[in-house]
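Trainee: The structure's right below; bear with me while I get my questions together.
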Amino acid sequence: MPRELRRVIWAPKSRKDLQEVWRYYERVASAEIADKLLREIEAAGRRLAVNALMWRRRDEVLPGLRSVLVHPYTIFFRVHEEVVQIVRALHERRDFTKAFSRRRR
999 MPRELRRVIW
1009 APKSRKDLQE
1019 VWRYYERVAS
1029 AEIADKLLRE
1039 IEAAGRRLAV
1049 NALMWRRRDE
1059 VLPGLRSVLV
1069 HPYTIFFRVH
1079 EEVVQIVRAL
1089 HERRDFTKAF
1099 SRRRR
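The sequence shown begins at 999 in the numbering used here and counts up one residue at a time.
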């Protein structure tokens, strides 16, 4: 039986996270390394279209949140009926609870 594909969308904060990741790695390593890491993160996002529910639940961070690791980043997402919404891409050393508890400005 074929798996149903969900549409994957990147929330504005997650897109901003990707820009910051690229700028950081371009500065401390090279544009090639920054490009490679972003390709790996984006590939993980595409894989979520097929098997999003197999990844770790992160209710301790925020109810309904899940994550997938793309070392050294953790990609946080929510699964809705036909959509996977990627909400953040955070370095694994970040305090995730604190990152999600900040008030929107």
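Ideal Cβ positions, reconstructed from N, Cα and C, are used throughout, including at glycine.
1. Under the three-state reduction of DSSP, which class applies to Trp1053: helix, strand or coil?
2. Excluding the 5 residues preceding and the 5 following Arg1102 in the sequence, name in chain order all residues of the same chain whose CB lies nearer than 8 Å to its CB.
3. Terminal residues of the continuous beta strand (DSSP E) containing Gln1097?
4. What ranges does the beta strand (DSSP E) occupy inside the region 1001-1043, keeping only unbroken runs of at least 3 residues that lie completely in it?
5. Checking the sheet assignment: what are the DSSP bridge partners for Arg1076?
6. Around the Cβ of Leu1035, are there at least 16 other Cβ atoms within 10 angstroms (buried) or fewer (exposed)?
7. Are there 16 or more other CB atoms within 10 angstroms of the CB of Met999, so buried, or fewer, so exposed?
8. Spatial neighbours of Val1085 within its chain, please: CB distance less than 7 Å, with the 5 preceding and 5 following residues excluded, ordered by chain position.
9. Taking 7 Å as the limit between beta carbons, can you name the residues of its chain near Leu1016, skipping five residues before and five after?
Mentor: In terms of the structure at hand:
1. coil
2. Its pLDDT being 48, under 50, Arg1102 is placed unreliably by the model, and the measurement read from it follows with that caveat. If we look at Arg1102 and ignore the five residues flanking it on each side, it has no Cβ neighbours.
3. First, the amino acid is wrong: residue 1097 is Ala here, not Gln. Taken as a continuous stretch (DSSP letters only), Ala1097 belongs to no beta strand (DSSP E), being part of the alpha helix (DSSP H) at 1094-1099.
4. 1005-1008
5. Leu1063, Gln1083
6. buried
7. Caution is warranted here: a pLDDT of 43 is assigned to Met999, below 50, making its placement in the model unreliable, and no coordinate value can be reported.
8. Ala1009, Lys1011, Ser1012, Phe1074, Phe1075, Arg1076
9. Leu1036, Ile1039, Ala1087
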